[in-house]
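Respectively, the protein sequence lines represent chains R and Y.
So the first sequence is numbered by the working numbering: it starts at 75 and just counts up by one.
So the second sequence is numbered by the working numbering: it starts at 75 and just counts up by one.
Backbone N, C-alpha and C define an ideal beta-carbon position, used for all residues, glycine too.
This structure is a prediction, so every number in the text was calculated from the model and none was measured.
First comes the structure, then the notes that go with it.
2 protein chains.
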Amino acid sequence: MTSKPYHHGDLHQQILCAASALLEENNIGSLSLRAVAKKVGVSHTAPYRHFKDKESLLAGIAGLGFDELTSQMKLAVATHPSDPAAQLQEAGHRYVQVALKNPQCTQLMFGGILPCDDTYPELRASGDLAFEGLKIIIREGQVRGVFKQGDEELLALSAWSGIHGLTLLLIGGNLPEILSINVDIRPITTAITTNMLDGLRAD
Amino acid sequence: MTSKPYHHGDLHQQILCAASALLEENNIGSLSLRAVAKKVGVSHTAPYRHFKDKESLLAGIAGLGFDELTSQMKLAVATHPSDPAAQLQEAGHRYVQVALKNPQCTQLMFGGILPCDDTYPELRASGDLAFEGLKIIIREGQVRGVFKQGDEELLALSAWSGIHGLTLLLIGGNLPEILSINVDIRPITTAITTNMLDGLRAD
DNA sequence: CATCAATGTTGTCAGTGTCAACATATTACG
DNA sequence: CGTAATATGTTGACACTGACAACATTGATG
């Protein structure tokens, strides 16, 4: 699609990059296309040659976020070969870490700003891929007899829900101060994923 | 604060109500103060006599959402007296139901649109109250020996995370179609909360 | 009844997303 | 090599939005 740049040098990428940066600097509501264009040093309509509209640019940013998440899920698996329980805890920890590093992007990915339907098929595909990473862990755990039997999809959703909920509560600032981002969150994530594992373990 | 209305009859309430309705009709990005004013039948700056700015109005809407959540948590407790496990499942189910009924409001409550700091102390208080409802269930479960011992705050967070994550994934449209809103979600919430309980249960 | 604060309106402004028309650079093709 | 076509970037414009100031009106207070 963006094979070789003409005037500016890969503007498509630079817009995505600048937009991601600006997104994290302020909150999502105050991200303006014009500010992005100014940051890259082009006119205020130049982005329209690369993105249909603002929402489309946001979808691009969210896509990058899902890709990062997927990659971290794969790393979690690789870090603890043949130990699904450890993989799951590692995945949970990395999930939280990614979100803490890019809270605004995370909100964009899951905050219902982008349409749920198939307006952006590529985006949905990226999201499904991240979920797929979790399902692989669950499946392996079931095969090895570490996790309880049952609908793999449901067990994966169960695990995902726990991690996801913790993550969004953390970055959303909805937790009492004792549990907030400002404290060391490692014991928190460990406690949560441990409880989660207790719920998944085979009898 | 809004003791007796002067001209219009409790405009403060009507704006909140109209804004909530418009919020759910479209997504959150396309809610405009002017549209709210038009819907109520006042000029486009009338809302500024009742809300400092747009964000302040949004905070008001979110507050109503938290109040509803708190009320549902209390109902969940009342529905299954002296059965913390059932209370927790009931709470989870109601949590999801409230969110499905007001998805946009839920995103507003947790989507990081509003500042996390103490700009709106009343809002934070409402949110903490909902969390408090969960903690009561956990505490009762521990006292009765149904739930495992440990930091009550952490256990409550664990439970909340699971329910919260499921809820946001559902309304965010981030789940594969097999698990989406379109199917009957009762078995899903039951499966999740059951796994959760397995993780909380005392040995 | 007079005063004043609370409430609502009109007018205005800067900022935003988006489109159309135009300008320029790169590629494709004879 | 040169010209046409296309991809890319710019300028100008428009409607819409949040927000403010100045003004108008209503109700309460004395």
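Compare the C-alpha of residue i against each of the options and name the closest.
| i | options | result |
| --- | --- | --- |
| glycine 236 of chain Y | R/Gly273, R/Arg108 and R/Ile102 | R/Gly273 |
| proline 195 of chain R | R/Gln216, R/Ala265 and R/Ser130 | R/Ser130 |
| glutamine 181 of chain Y | Y/Gln216, Y/Ile211 and Y/Ile245 | Y/Ile245 |
| histidine 124 of chain Y | Y/Gly103, Y/Leu90, Y/Asn101 and Y/Leu149 | Y/Leu90 |
| lysine 128 of chain Y | Y/Val116, Y/Arg108, Y/Ser117 and Y/Lys112 | Y/Arg108 |
| isoleucine 102 of chain R | Y/His86, Y/Asn101, Y/Lys112 and Y/Leu188 | Y/Leu188 |
How close, in whole Å, do the beta carbons of residue i and residue j come, if the pair is a contact with beta carbons under 8 Å?
| i | j | result |
| --- | --- | --- |
| leucine 96 of chain R | valine 110 of chain R | 6 Å |
| leucine 253 of chain Y | glutamate 227 of chain R | 6 Å |
| valine 170 of chain R | glutamine 161 of chain R | Actually they do not touch by this definition, with Cβ atoms about 15 Å apart. |
| threonine 263 of chain Y | glycine 134 of chain Y | Actually they are not in contact, since the Cβ atoms of threonine 263 of chain Y and glycine 134 of chain Y sit about 29 Å apart, beyond 8 Å. |
| valine 116 of chain Y | histidine 82 of chain Y | 7 Å |
I'd like the list of long-range same chain contacts for residue i, defined as Cβ closer than 6 Å, with 5 residues on each side in sequence excluded.
| i | result |
| --- | --- |
| glutamine 146 of chain Y | Arg168 and Val172 |
| glutamine 163 of chain R | Thr267 |
| threonine 193 of chain Y | none |
| histidine 118 of chain Y | Arg108 and Ala111 |
| leucine 240 of chain Y | Ile266 |
| isoleucine 255 of chain R | Leu244 |
| alanine 120 of chain Y | Ala111 |
| serine 94 of chain Y | Ile135 |
| methionine 183 of chain R | Ala136 and Gly139 |
Is the distance from the Cβ of residue i to the Cβ of residue j below 8 Å?
| i | j | result |
| --- | --- | --- |
| cysteine 190 of chain R | glycine 139 of chain R | no |
| phenylalanine 221 of chain Y | proline 158 of chain Y | yes |
| isoleucine 141 of chain Y | proline 250 of chain R | Per the sequence shown, the amino acid found at residue 141 of chain Y is aspartate instead of isoleucine. No; because the gap between Cβ atoms is not below 8 Å, this pair is not in contact. |
| leucine 174 of chain R | histidine 238 of chain Y | no |
| glycine 185 of chain Y | glycine 247 of chain R | no |
| threonine 276 of chain R | glycine 219 of chain R | The sequence given here has alanine at residue 276 of chain R, not threonine. Result yes, Cβ atoms of alanine 276 of chain R and glycine 219 of chain R sit closer than 8 Å. |
| threonine 144 of chain Y | serine 104 of chain Y | no |
| glycine 207 of chain Y | lysine 148 of chain Y | yes |
For residue i, does the count of other Cβ atoms within 10 angstroms reach 16, so buried, or fall short, so exposed?
| i | result |
| --- | --- |
| serine 232 of chain R | buried |
| methionine 75 of chain Y | Residue placement at methionine 75 of chain Y is flagged as unreliable, the pLDDT there being 36, under the threshold of 50; a coordinate-derived value is accordingly withheld. |
| alanine 136 of chain Y | buried |
| asparagine 269 of chain R | buried |
| serine 156 of chain R | exposed |
| arginine 260 of chain R | exposed |
| lysine 78 of chain Y | Only weak support exists for where lysine 78 of chain Y lies, its pLDDT of 46 falling under 50; the coordinates are left without a value. |
In its own chain, which residues sit with a C-beta less than 8 Å from the C-beta of residue i, not counting the 5 before and 5 after it?
| i | result |
| --- | --- |
| glutamate 98 of chain R | Asn176, Pro177, Gln178 and Cys179 |
| arginine 198 of chain Y | Asp192 |
| histidine 154 of chain Y | Ala160, Gln161 and Glu164 |
| leucine 271 of chain R | Ala159, Leu162 and Gln163 |
Apart from the five residues on each side of it in sequence, which residues of its chain come closer than 7 Å, Cβ to Cβ, to residue i?
| i | result |
| --- | --- |
| glutamine 88 of chain Y | Val114 |
| isoleucine 212 of chain Y | Phe221, Glu226, Leu229, Ala230 and Ala233 |
| isoleucine 210 of chain Y | Val151 |
| aspartate 258 of chain Y | none |
| glutamine 216 of chain Y | Gln223 and Glu226 |
| alanine 92 of chain Y | Val110, Lys113 and Val114 |
| asparagine 100 of chain R | none |
| lysine 126 of chain R | none |
| serine 106 of chain R | none |
Taking 7 Å as the line, does the beta carbon of residue i fall inside it for any heavy atom of the ligand ZN?
| i | result |
| --- | --- |
| histidine 86 of chain R | As presented, the structure is devoid of all ligands, the ligand ZN included, so that no description of it is given. |
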